[in-house]
Amino acid sequence: MALLEVNGLKKTYHSRGGQAVEALRNVTFTVEKGESVAVMGESGSGKTTLLNLLAALDKPTAGRVTLDGRDLTGLSGSAAAAFRREQLGFVFQEFQLLDTFTLKDNILLPLVLSGFKPQEMRGRLLPLCEQLGLLGLLNKYPFEVSGGQKQRAAVARAMISHPKLLLADEPTGALDSHASDELLRLFCEVNAAGQTLMMVTHSIKAASSVRRVLFIKDGVIFHQLYRGELTERQFYQKIADALTLLTAGGDER
Amino acid sequence: MKRLLFLRLAATGLARNRQMSLPFFFTAAGMVGVQYLFRYLQAAPAVEGVYGAPAVRSLMAIGANVLAFFSLLFLFYTHSFLMRRRKKEFGLYHALGMGKRHLGIILAWETLLLGAGSIAAGLVPGMLLAKLAELGLVRLAGGPVDYGLHVDLPAALATAAVFGGIFVLLLAGGLRQILFARSLALLQGEAKGEKPPRANYLLGGLGVLTLAGAYCIAVLCTNPADSLALFFPAAALVTAGSYLLLMAGSVALCRLLQKKKGYYYRRAHFVSVGFMSWRMKRNGAGLASICLLSTMVLVMLSGAASLYFGVEEAAKTRCPREMCLTFTAEQPGELTDQNRQALAELVQRETAACGGAAAEVWSYHSLQIAGVVKEGRVMTDRQGMDEALTFSQIWQFVFLDLQEYNRLYGAAESLPAGQALLCLPQGCEWPQSQIAFAGGGSLPVARLGAAPTLSEFTVTAFPTAVVAVHDLSEAARVLSPLKGQEGQLVVEQWDYAFNTGLSDAAQKPLYDRLCAALAGKVTAGRYGRYSLSCENRAVWRGESLSLFGGVLYLALLLSLVFLCGTVLIVYYKQLSEGYEDQSRFGILQQVGMTDREIRKSVNSQLLTVFFLPLALATLHLGFAFPMVRRVLRLFGLHQAGLYALITLGCLVAFGLFYLLVYRLTSNVYYRLAVRGGRPS
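In order, the protein sequences belong to chains A and B. Be aware that the first sequence starts at 536, since it is given in my numbering, and climbs by one per residue. Be aware that the second sequence starts at 354, since it is given in my numbering, and climbs by one per residue.
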């Protein structure tokens, strides 16, 4: 059974004037355990809506999402919050670290909310931060460190609860190329270690670092590519070609 | 053309930020109005007709100055919020190519618009309010009513000048910020890279110590006169202590809690404590201001209301009989038995002439002297007096002859000639077997009597000792060497008090008549030379009502202003916090905090932030209570119960009002922070 199953997902928003906007029309795909998947598409194609639905931050108009056999669409507010905290890890473009907490407290936040004991937290914090190269920065505040370091802290926060699925929304969007490369390398590492990963991105570079790319357009999955045995460079080219086709308006699948 | 552009930019800027600029405008206008009100009442013709008009006038003058100072501080405080939001806009203009000079021009226009607008908008309602207030004051204090509307031009000009000055200072402050800011910093504007709160345990501890010191003063100082003298030092300590405690102490406390891993890393505490340390760092000063304003309102209102509602009781303490006459001889020995007899007859005749009868006469004849008591020696000269560390060391000695003593206290004491019966003030001891007057003689003490219980001897600010001697001439002999010294310290006094059997309204003519008939000039030579103090309960009550009415009125007005100040601080606080917390709550939600948890955490933080000052103010009030009570005793108020009741009433009313303000303003906060921060 696939880890994540998305089936016939539909989301319609009603604007203030009563005008209905279909953000997602009919999205169906699955993600296997240990996979790494990127979702690509233009602004307004429904990527963020999809991510919000996967995170149970929002409820779909129709269709269902199951993670590890559990239906997310029926979760109540507090169950959804617990689900986010325990099963999902989030990484955002703008890091979304709390400026009032040190990096350490930011990373520990999900564990504290889940009611972990201080010793357990310590047991998880240290190895993770060693892996992410954060050990010397734990007592710093977000405004005292660089963008790349902030994003690494955000990854640590996302992973400390040992989530089934790591979701990343445009994770390299606010980083320079050096920090981007480093973050993508990190994602490859954690994925190789068994972490299932799904990212939403504009960046071909970022997308070419994963195993499979889904293209979304006008609220439906338009196309998908597997990396297979391709090198990163070849895969990059293939994605670029697909994107060209996508934006140049190929109506065929 | 270009100048008009700047004016337009200033006007649209203010309009766009109306959530900030409008409350500021109304604050300033309100303060202008109240400032005018005080300056108007200072010179209002209607006040002339009130008893104790000079006292009311000087009270209003003090009030106007206190308010001007408060306005300065408060407008600076609220203007800083406005500036913080405007800075970003200025940064944009700067990036688009405007020089700092141009920004200065915009700011100047803005200040001019706000300043001129609020002064104009404040003066008009101020004038109407002033008339209402005048009628209110006259009604509360008694006096003729005049319904005409006067505009007091000098008062209006003075008010405009005060606020013109304040706005010039505000502009200077704003210009300084623009001139010294780096361009990029301007664009980034709000809250960028704020330093994390650092725990300053030293200052926090100092705050605790300062407050403890002030509280000790309030509790340990048992003498009314000392209480009055130490009230302002104690208030200064409380002010400093509150600021230190809320600014440094609260952050230090949060930091300590964060160090306790077992406490901090818990679901219920983590977010709240973590956020609180920043909140307190930013808000400590504002919270301390709220706390002190609240304390001021509470102490002022409860004290003034007690004075006003306690007048009846105070009148009874002050005048145990309806008419109280005190004759003080110019030279000891002049109020002889015959003279006193003749004066009493004169008083009775005059009373009868007014249709009354002097009944329940209560009189005593005494020699009195004040001196500093040190180990059984009494120093009465200036030098000795200066050595007194506290007022409680200065005693009043009242010498009575034994017959008078026995009569007053219903006792049957006897004494050997040349010896004294000494009645010490409550709780005092006498280490010697004699009373020795430095520079005078001494009297051996035969024995100690019970503490004086007559209210005459217990209500004064100074401890009073009653010394009974066989005959007053013995006391005169001991005291006579002191007579020539500076200040004519030995006083021969005859108190003669009685009830008249007349209605309150008929007392005043009798009072005037007695004052005229007994004036030293009229009776000169016939009954000895003396000075007279004549007090009538009804007359005193009338005068006190007007004075305390004025005080209560002033307290009410000031309370109203301070309350408005409190409300606005609370409002601005909620507003600025709401903006700052928007993104934080969005993040917490994404990380997996439920709406309920967020709401709970927000609630506990807001409750702490807003009720901490009130709790501290209540504590301040509690410790001020004994001190104020003792000061009130100076005014003849002894019913602690009445004062306690009034204080409690003020506290409850204030608490309810505060709660209301909190409820109303926390909606602003929720709207901004929780709903505004929700990811779309």
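For every residue, glycine included, the Cβ atom is placed at its ideal position computed from N, Cα and C.
For residue i, three-class secondary structure by DSSP
i               : result
G903 of chain B : helix
V755 of chain A : strand
I722 of chain B : strand
N370 of chain B : coil
H823 of chain B : coil
H991 of chain B : coil
D776 of chain A : helix
R671 of chain B : helix
T365 of chain B : helix
T793 of chain A : Outside the modelled stretch of chain A, which goes from 536 to 788, sits residue 793 of chain A, for which no answer is possible.
C707 of chain B : coil
K727 of chain B : strand
V680 of chain A : coil
N542 of chain A : strand
M480 of chain B : helix
A591 of chain A : coil
D690 of chain B : helix
S578 of chain A : coil
D527 of chain A : Chain A is shown from 536 up to 788; residue 527 of chain A falls before or after that span and cannot be answered.
F750 of chain B : strand
L390 of chain B : helix
Cβ separation of residue i and residue j, assumed to be a contact under 8 angstroms, to the nearest whole Å
i               : j               : result
N636 of chain B : K926 of chain B : 6 angstroms
A588 of chain B : V904 of chain B : Not really, about 17 angstroms apart at Cβ, beyond 8 angstroms.
T648 of chain B : H973 of chain B : 4 angstroms
F651 of chain A : A693 of chain A : F651 of chain A to A693 of chain A, Cβ: 16 angstroms. No contact.
A828 of chain B : V822 of chain B : 5 angstroms
S716 of chain B : W847 of chain B : 7 angstroms
A977 of chain B : V652 of chain B : 5 angstroms
A578 of chain B : F815 of chain B : 7 angstroms
L768 of chain B : A799 of chain B : 6 angstroms
Where the beta strand (DSSP E) containing residue i begins and where it ends
i               : result
P797 of chain B : 795 to 802
M575 of chain A : 571 to 575
T681 of chain B : 676 to 682
G637 of chain B : Per DSSP, G637 of chain B belongs to no beta strand (DSSP E); it is in the alpha helix (DSSP H), 623 to 662.
T563 of chain A : 555 to 566
A773 of chain B : 773 to 776
G598 of chain A : 597 to 602
V844 of chain B : 844 to 852
Q860 of chain B : Note, Q860 of chain B: premise wrong, no beta strand (DSSP E); alpha helix (DSSP H) at 857 to 871.
V400 of chain B : Taken as a continuous stretch (DSSP letters only), V400 of chain B belongs to no beta strand (DSSP E), as it is neither H nor E.
For residue i, the first and last residue of its enclosing alpha helix (DSSP H)
i               : result
R746 of chain A : Unbroken run through R746 of chain A: none, as it is neither H nor E.
G527 of chain B : 506 to 533
Y568 of chain B : 554 to 573
V604 of chain B : 603 to 612
Q785 of chain B : Unbroken run through Q785 of chain B: none, as it is neither H nor E.
Q779 of chain B : Where Q779 of chain B is concerned, there is no enclosing alpha helix (DSSP H), given that its DSSP letter is neither H nor E.
Distance cut-off 7 angstroms: residue i Cβ against heavy atoms of the ligand COA
i               : result
F377 of chain B : The ligand COA is absent from the structure shown, which contains no ligands of any kind.
### Task
State whether the stretch 628 to 647 of chain A contacts the stretch 603 to 616 of chain A, with contact taken as three or more CB pairs (one from each stretch) at a distance under 8 angstroms.
Touching, no, given that fewer than three Cβ pairs across the two stretches are closer than 8 angstroms.
### Message
Report the start-end ranges of each alpha helix (DSSP H) in the stretch 692 to 732 of chain A that is 4 residues or longer and not cut off at the edges.
### Response
Within the stretch 692 to 732 of chain A, the complete alpha helix (DSSP H) segments at least 4 residues long are 712 to 727, listed from N- to C-terminus.
### Task
Counting only runs of 3+ residues fully inside the stretch 962 to 1021 of chain B, write out the beta strand (DSSP E) ranges in chain order.
Runs found: none.
### Query
Is the number of C-beta pairs between the stretch 698 to 710 of chain B and the stretch 852 to 861 of chain B that are closer than 8 angstroms three or more?
Touching, yes, given that three or more Cβ pairs across the two stretches are closer than 8 angstroms.
### Query
Should the stretch 614 to 632 of chain B be called in touch with the stretch 955 to 965 of chain B, which here means at least 3 C-beta pairs below 8 angstroms?
Using a C-beta cut-off of 8 angstroms, the stretch 614 to 632 of chain B makes contact with the stretch 955 to 965 of chain B, since at least three inter-stretch Cβ pairs fall below that distance.
### Task
Specify whether the stretch 514 to 531 of chain B and the stretch 457 to 464 of chain B touch according to this definition: at least 3 beta carbon pairs, one from each stretch, less than 8 angstroms apart.
Because the criterion of three Cβ pairs below 8 angstroms is met, the stretch 514 to 531 of chain B and the stretch 457 to 464 of chain B touch.
### Task
With a floor of 4 residues, list each alpha helix (DSSP H) that falls wholly inside the stretch 875 to 942 of chain B, ordered by position along the chain.
Fully enclosed alpha helix (DSSP H) runs of 4 or longer: not present.
### Inter-stretch contact at 8 angstroms, needing at least 3 Cβ pairs: the stretch 865 to 873 of chain B / the stretch 609 to 624 of chain B
Contact between the stretch 865 to 873 of chain B and the stretch 609 to 624 of chain B is absent, with fewer than three C-beta pairs closer than 8 angstroms.
### Query
Hey, is the stretch 658 to 675 of chain B in contact with the stretch 993 to 1006 of chain B, meaning 3+ C-beta pairs nearer than 8 angstroms?
When Cβ pairs closer than 8 angstroms are counted between the two stretches, the stretch 658 to 675 of chain B is seen to touch the stretch 993 to 1006 of chain B, the count reaching three or more.
### Query
Would you call the stretch 782 to 794 of chain B and the stretch 728 to 737 of chain B in contact, with 3 or more CB pairs under 8 angstroms?
The stretch 782 to 794 of chain B vs the stretch 728 to 737 of chain B: in contact.
### Message
At 4 residues or longer, what runs of the alpha helix (DSSP H) sit wholly inside the stretch 619 to 686 of chain A?
### Response
The stretch 619 to 686 of chain A contains these whole alpha helix (DSSP H) runs: 638 to 648, 653 to 666.
### Task
Specify whether the stretch 927 to 942 of chain B and the stretch 599 to 612 of chain A touch according to this definition: at least 3 beta carbon pairs, one from each stretch, less than 8 angstroms apart.
No contact exists between the stretch 927 to 942 of chain B and the stretch 599 to 612 of chain A.
### Message
Quick check: the stretch 562 to 581 of chain A against the stretch 742 to 758 of chain A, are at least 3 beta-carbon pairs closer than 8 angstroms?
### Response
Contact between the stretch 742 to 758 of chain A and the stretch 562 to 581 of chain A is present, because at least three Cβ pairs lie under 8 angstroms.
### Task
State whether the stretch 747 to 763 of chain B contacts the stretch 694 to 703 of chain B, with contact taken as three or more CB pairs (one from each stretch) at a distance under 8 angstroms.
The stretch 747 to 763 of chain B makes no contact with the stretch 694 to 703 of chain B: fewer than 3 CB pairs, one atom from each, lie closer than 8 angstroms.
### Query
Are there three or more Cβ pairs, one per stretch, closer than 8 angstroms when the stretch 586 to 601 of chain A is compared with the stretch 566 to 573 of chain A?
As far as the Cβ criterion goes, the stretch 586 to 601 of chain A does not touch the stretch 566 to 573 of chain A, which means the pair count is below three.
### Query
Should the stretch 626 to 635 of chain A be called in touch with the stretch 707 to 724 of chain A, which here means at least 3 C-beta pairs below 8 angstroms?
Yes, they touch.
### Query
On the three-pair Cβ rule with 8 angstroms, is the stretch 731 to 748 of chain A touching the stretch 701 to 712 of chain A?
These segments touch.
### Segment contact flag, the stretch 389 to 398 of chain B with the stretch 427 to 439 of chain B, C-beta cutoff 8 angstroms, min 3 pairs
No, the stretch 389 to 398 of chain B does not touch the stretch 427 to 439 of chain B.
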